[in-house]
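Asker:
In my numbering, the protein residues as written are 1456 to 1706.
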(Lines of atoms letter the chains of each structure in order from A and count residues from 1; the text may use other names and numbers.)
(Lines give C-alpha, C1' and ligand atoms only; values in the text may rest on other atoms or scores of the structure.)
Protein backbone atom coordinates (compact mmCIF):
# COMPACT_ATOMS: atom_id res chain seq x y z
CA UNK A 1 0.00 0.00 0.00
CA UNK A 2 1.24 3.48 -0.90
CA UNK A 3 0.40 6.38 1.42
CA UNK A 4 0.55 9.92 0.01
CA UNK A 5 0.44 13.31 1.64
CA UNK A 6 -2.86 15.04 1.00
CA UNK A 7 -2.51 16.81 -2.34
CA UNK A 8 -5.19 19.46 -2.08
CA UNK A 9 -4.69 20.95 -5.55
CA UNK A 10 -5.24 17.67 -7.36
CA UNK A 11 -3.53 16.69 -10.58
CA UNK A 12 -1.52 19.00 -12.81
CA UNK A 13 -3.50 18.32 -15.99
CA UNK A 14 -6.52 20.30 -14.82
CA UNK A 15 -4.35 23.45 -14.75
CA UNK A 16 -3.01 22.95 -18.28
CA UNK A 17 -5.71 21.65 -20.61
CA UNK A 18 -9.26 22.39 -21.74
CA UNK A 19 -9.58 26.03 -20.65
CA UNK A 20 -8.55 25.64 -17.00
CA UNK A 21 -10.21 27.80 -14.37
CA UNK A 22 -6.80 28.59 -12.88
CA UNK A 23 -3.74 29.23 -15.02
CA UNK A 24 -0.33 28.46 -13.58
CA UNK A 25 2.32 31.09 -14.20
CA UNK A 26 5.69 30.08 -15.60
CA UNK A 27 7.48 30.26 -12.26
CA UNK A 28 5.14 27.62 -10.82
CA UNK A 29 5.35 25.46 -13.94
CA UNK A 30 9.14 25.49 -13.92
CA UNK A 31 9.22 24.61 -10.23
CA UNK A 32 6.82 21.73 -10.87
CA UNK A 33 8.98 20.48 -13.75
CA UNK A 34 12.09 20.52 -11.56
CA UNK A 35 10.23 18.79 -8.75
CA UNK A 36 9.09 15.96 -11.02
CA UNK A 37 12.61 15.65 -12.45
CA UNK A 38 14.03 15.33 -8.94
CA UNK A 39 11.44 12.69 -8.08
CA UNK A 40 12.23 10.70 -11.19
CA UNK A 41 15.95 10.93 -10.40
CA UNK A 42 15.27 9.43 -6.97
CA UNK A 43 13.25 6.58 -8.49
CA UNK A 44 15.98 5.75 -11.00
CA UNK A 45 19.12 6.31 -8.95
CA UNK A 46 18.36 7.26 -5.36
CA UNK A 47 16.52 4.24 -3.96
CA UNK A 48 17.85 0.77 -3.16
CA UNK A 49 16.22 -0.55 -6.35
CA UNK A 50 15.49 1.04 -9.71
CA UNK A 51 11.85 2.04 -10.09
CA UNK A 52 10.50 2.48 -13.63
CA UNK A 53 7.30 4.49 -13.44
CA UNK A 54 6.04 3.65 -16.98
CA UNK A 55 3.21 6.21 -17.03
CA UNK A 56 4.67 9.66 -16.44
CA UNK A 57 2.28 12.40 -17.57
CA UNK A 58 0.62 15.54 -16.25
CA UNK A 59 -2.45 13.71 -14.94
CA UNK A 60 -0.17 11.58 -12.73
CA UNK A 61 1.53 14.60 -11.17
CA UNK A 62 -0.18 15.67 -7.94
CA UNK A 63 0.03 19.13 -6.36
CA UNK A 64 -0.14 20.07 -2.70
CA UNK A 65 -1.53 23.31 -1.28
CA UNK A 66 1.63 25.21 -2.29
CA UNK A 67 1.80 23.59 -5.74
CA UNK A 68 4.72 21.35 -4.85
CA UNK A 69 4.67 18.37 -7.18
CA UNK A 70 4.59 14.66 -6.40
CA UNK A 71 4.70 11.90 -8.98
CA UNK A 72 1.75 9.58 -8.38
CA UNK A 73 -0.04 6.50 -9.75
CA UNK A 74 2.50 3.70 -9.50
CA UNK A 75 0.09 1.06 -10.76
CA UNK A 76 2.28 0.26 -13.78
CA UNK A 77 5.63 0.72 -12.04
CA UNK A 78 8.28 -2.01 -12.04
CA UNK A 79 11.27 -2.52 -9.76
CA UNK A 80 14.60 -4.17 -10.47
CA UNK A 81 18.06 -4.22 -8.94
CA UNK A 82 20.68 -1.69 -9.96
CA UNK A 83 22.97 -3.11 -12.61
CA UNK A 84 20.48 -5.72 -13.81
CA UNK A 85 18.18 -5.86 -16.82
CA UNK A 86 14.48 -5.01 -16.38
CA UNK A 87 12.30 -7.94 -17.37
CA UNK A 88 9.34 -6.27 -19.06
CA UNK A 89 7.78 -7.64 -22.23
CA UNK A 90 4.42 -5.86 -22.49
CA UNK A 91 3.75 -2.41 -23.89
CA UNK A 92 1.93 -0.37 -21.25
CA UNK A 93 1.48 3.34 -20.78
CA UNK A 94 -0.45 6.17 -22.38
CA UNK A 95 -0.80 7.22 -26.00
CA UNK A 96 1.67 10.00 -26.68
CA UNK A 97 4.29 9.14 -24.09
CA UNK A 98 5.74 5.81 -25.22
CA UNK A 99 9.25 5.69 -26.63
CA UNK A 100 9.58 4.10 -30.10
CA UNK A 101 11.86 1.33 -28.84
CA UNK A 102 9.31 0.45 -26.15
CA UNK A 103 6.54 -0.01 -28.71
CA UNK A 104 8.80 -2.24 -30.81
CA UNK A 105 10.29 -4.42 -28.08
CA UNK A 106 7.94 -4.13 -25.11
CA UNK A 107 10.97 -3.43 -22.94
CA UNK A 108 10.64 -0.56 -20.47
CA UNK A 109 13.80 1.06 -19.12
CA UNK A 110 14.82 4.21 -17.32
CA UNK A 111 15.35 5.72 -20.79
CA UNK A 112 11.69 5.17 -21.68
CA UNK A 113 10.74 7.06 -18.51
CA UNK A 114 13.03 9.91 -19.58
CA UNK A 115 11.36 9.88 -23.00
CA UNK A 116 7.96 10.25 -21.31
CA UNK A 117 9.39 13.07 -19.22
CA UNK A 118 10.22 14.81 -22.50
CA UNK A 119 6.56 14.63 -23.49
CA UNK A 120 5.68 15.97 -20.05
CA UNK A 121 8.02 18.94 -20.55
CA UNK A 122 6.31 19.86 -23.80
CA UNK A 123 2.78 19.62 -22.41
CA UNK A 124 3.66 21.82 -19.43
CA UNK A 125 5.34 24.45 -21.61
CA UNK A 126 2.74 24.35 -24.40
CA UNK A 127 -0.46 23.76 -22.45
CA UNK A 128 -1.70 20.88 -24.58
CA UNK A 129 -1.51 17.12 -24.66
CA UNK A 130 0.99 15.30 -26.91
CA UNK A 131 -1.87 13.97 -29.05
CA UNK A 132 -5.38 15.41 -29.14
CA UNK A 133 -7.73 13.30 -31.21
CA UNK A 134 -10.49 15.91 -30.91
CA UNK A 135 -8.34 18.49 -32.68
CA UNK A 136 -7.34 16.81 -35.95
CA UNK A 137 -6.50 20.17 -37.48
CA UNK A 138 -3.61 20.56 -35.05
CA UNK A 139 -0.24 18.95 -35.45
CA UNK A 140 1.01 16.38 -33.01
CA UNK A 141 2.60 18.48 -30.28
CA UNK A 142 6.17 17.38 -30.95
CA UNK A 143 5.76 18.24 -34.65
CA UNK A 144 4.43 21.69 -33.77
CA UNK A 145 7.32 22.46 -31.42
CA UNK A 146 9.88 21.07 -33.84
CA UNK A 147 8.48 23.16 -36.71
CA UNK A 148 8.74 26.31 -34.62
CA UNK A 149 12.30 25.44 -33.63
CA UNK A 150 13.24 24.81 -37.26
CA UNK A 151 11.79 28.21 -38.21
CA UNK A 152 13.89 29.90 -35.53
CA UNK A 153 10.98 30.78 -33.24
CA UNK A 154 10.45 27.90 -30.84
CA UNK A 155 8.70 30.22 -28.37
CA UNK A 156 5.78 30.46 -30.79
CA UNK A 157 4.77 27.00 -29.56
CA UNK A 158 4.50 28.01 -25.90
CA UNK A 159 1.18 28.09 -24.07
CA UNK A 160 -0.51 31.39 -25.03
CA UNK A 161 -2.02 31.48 -21.54
CA UNK A 162 1.44 32.34 -20.20
CA UNK A 163 1.10 35.82 -21.67
CA UNK A 164 4.34 37.79 -21.51
CA UNK A 165 5.34 37.10 -17.91
CA UNK A 166 7.86 34.30 -18.31
CA UNK A 167 11.59 33.70 -18.61
CA UNK A 168 12.29 33.17 -22.30
CA UNK A 169 15.50 31.26 -21.60
CA UNK A 170 13.72 28.81 -19.29
CA UNK A 171 10.80 28.19 -21.65
CA UNK A 172 13.17 27.67 -24.57
CA UNK A 173 15.30 25.28 -22.50
CA UNK A 174 12.27 23.23 -21.47
CA UNK A 175 10.92 22.91 -25.02
CA UNK A 176 14.27 22.03 -26.55
CA UNK A 177 14.98 19.56 -23.78
CA UNK A 178 11.54 18.06 -24.37
CA UNK A 179 12.46 17.39 -27.99
CA UNK A 180 15.85 15.82 -27.28
CA UNK A 181 15.01 14.13 -23.98
CA UNK A 182 16.93 10.88 -24.25
CA UNK A 183 19.71 11.19 -21.68
CA UNK A 184 19.71 9.91 -18.15
CA UNK A 185 17.47 11.75 -15.74
CA UNK A 186 20.65 12.80 -13.92
CA UNK A 187 21.69 14.82 -16.97
CA UNK A 188 18.18 16.20 -17.42
CA UNK A 189 18.28 17.52 -13.84
CA UNK A 190 21.67 19.12 -14.54
CA UNK A 191 20.26 20.89 -17.59
CA UNK A 192 17.24 22.15 -15.66
CA UNK A 193 19.35 23.34 -12.72
CA UNK A 194 21.73 25.15 -15.06
CA UNK A 195 24.71 23.07 -13.97
CA UNK A 196 25.51 22.24 -17.60
CA UNK A 197 24.36 24.09 -20.74
CA UNK A 198 22.11 22.45 -23.29
CA UNK A 199 24.16 21.72 -26.45
CA UNK A 200 23.60 24.20 -29.28
CA UNK A 201 21.98 21.73 -31.65
CA UNK A 202 21.30 22.35 -35.34
CA UNK A 203 19.52 20.21 -37.91
CA UNK A 204 22.03 18.34 -40.10
CA UNK A 205 19.95 15.65 -41.73
CA UNK A 206 16.55 14.12 -42.28
CA UNK A 207 15.47 10.62 -43.24
CA UNK A 208 12.33 8.52 -43.21
CA UNK A 209 13.13 7.44 -39.65
CA UNK A 210 13.78 10.83 -38.15
CA UNK A 211 15.91 13.92 -37.82
CA UNK A 212 19.56 14.19 -36.89
CA UNK A 213 20.97 17.12 -34.99
CA UNK A 214 24.59 18.03 -34.35
CA UNK A 215 26.33 20.32 -31.95
CA UNK A 216 28.64 22.70 -33.81
CA UNK A 217 30.91 22.74 -30.77
CA UNK A 218 31.77 19.12 -31.46
CA UNK A 219 29.51 17.04 -29.21
CA UNK A 220 28.20 13.72 -30.47
CA UNK A 221 25.15 13.92 -32.71
CA UNK A 222 21.69 13.42 -31.31
CA UNK A 223 19.25 11.41 -33.43
CA UNK A 224 15.60 12.33 -33.10
CA UNK A 225 13.00 9.62 -33.64
CA UNK A 226 9.93 10.67 -35.58
CA UNK A 227 7.39 8.54 -37.39
CA UNK A 228 8.57 5.66 -39.49
CA UNK A 229 6.25 3.45 -41.59
CA UNK A 230 6.99 0.49 -39.33
CA UNK A 231 6.18 2.43 -36.19
CA UNK A 232 2.95 3.81 -37.67
CA UNK A 233 1.81 0.35 -38.71
CA UNK A 234 2.50 -0.97 -35.23
CA UNK A 235 0.63 1.91 -33.66
CA UNK A 236 -2.40 1.49 -35.90
CA UNK A 237 -2.52 -2.24 -35.19
CA UNK A 238 -3.00 -1.89 -31.45
CA UNK A 239 -4.88 0.66 -29.39
CA UNK A 240 -2.53 0.03 -26.48
CA UNK A 241 0.50 1.32 -28.35
CA UNK A 242 1.45 4.98 -28.50
CA UNK A 243 2.06 6.93 -31.64
CA UNK A 244 5.77 6.29 -32.03
CA UNK A 245 6.55 9.63 -33.61
CA UNK A 246 6.98 11.33 -30.28
CA UNK A 247 10.03 13.08 -29.02
CA UNK A 248 13.65 12.23 -29.36
CA UNK A 249 15.54 8.99 -29.45
CA UNK A 250 19.29 9.25 -29.42
CA UNK A 251 19.56 5.89 -27.71
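Idealized CB from N, CA, C, for every residue including glycine.
(1) Starting from the C-beta of residue 1644, find all residues in its chain whose C-beta is less than 7 angstroms away, skip the five residues before and the five after it, and write them out in chain order.
(2) Could you pull out every residue in the same chain whose Cβ sits closer than 6 angstroms to the Cβ of residue 1527, ignoring the five residues on either side in sequence?
(3) From residue 1485 to residue 1570, what does the alpha carbon distance come to, in whole angstroms?
(4) What are the boundary residues of the beta strand (DSSP E) that residue 1470 is part of?
(5) Check whether the segment 1466 to 1474 and the segment 1529 to 1539 are in contact - that is, three or more C-beta pairs closer than 8 angstroms.
(6) Secondary structure at residue 1497, three-state DSSP: helix, strand or coil?
(7) Among 1576, 1640, 1623 and 1581, which residue has its Cα nearest to the Cα of residue 1500?
(8) With a threshold of 16 other CB atoms inside 10 Å of the CB of residue 1707, please say whether the residue is buried or exposed.
(9) Skipping 5 residues on each side, what residues in its chain have a beta carbon closer than 6 angstroms to that of residue 1629?
(10) Let's see if you can read the secondary structure: which residues bound the beta strand (DSSP E) around residue 1653?
(11) What residues in its chain sit with their C-beta under 6 angstroms from that of residue 1647, if we drop five residues either side in the sequence?
(12) Is DSSP giving residue 1511 helix, strand or coil here?
Answerer: In brief:
(1) Walking along the chain shown from the start, residue 1644 turns up at place 189. Around residue 1644: 1492, 1493 and 1496.
(2) Along the chain shown, one-based indexing puts residue 1527 at 72. Here the set comprises 1515 and 1517.
(3) Residue 1485 sits at position 30 when you count from the first residue of the chain shown. Residue 1570 sits at position 115 when you count from the first residue of the chain shown. Roughly 18 angstroms separates the two Cα atoms.
(4) Residue mapping note: residue 1470 aligns to position 15 of the chain shown, counting from 1. It is not in any beta strand (DSSP E) - residue 1470 carries neither H nor E in the DSSP assignment.
(5) No: the two stretches stay apart, fewer than three of their Cβ pairs being nearer than 8 angstroms.
(6) If you number the chain shown from 1, residue 1497 lands on position 42. The answer is helix: DSSP assigns residue 1497 an H, G or I state.
(7) Looking up residue 1500 in the chain shown gives position 45. The shortest C-alpha separation from residue 1500 is found at 1640.
(8) What the structure shows of the chain is the stretch from 1456 to 1706, and residue 1707 is not part of that stretch, so it cannot be assessed.
(9) Taking the first residue of the chain shown as position 1, residue 1629 is located at position 174. Once the five neighbours on either side are set aside, the close Cβ partners of residue 1629 are 1576 and 1580.
(10) For the purposes of this step, residue 1653 is identified with residue 198 of the chain shown, where counting begins at 1. Element bounds for residue 1653: n/a, residue is neither H nor E.
(11) Locating residue 1647 in the chain shown gives position 192, where the first residue counts as 1. Counting only Cβ-Cβ distances below 6 angstroms, and skipping sequence neighbours, we find 1489 and 1492.
(12) Residue mapping note: residue 1511 aligns to position 56 of the chain shown, counting from 1. Coil at residue 1511, not helix or strand.
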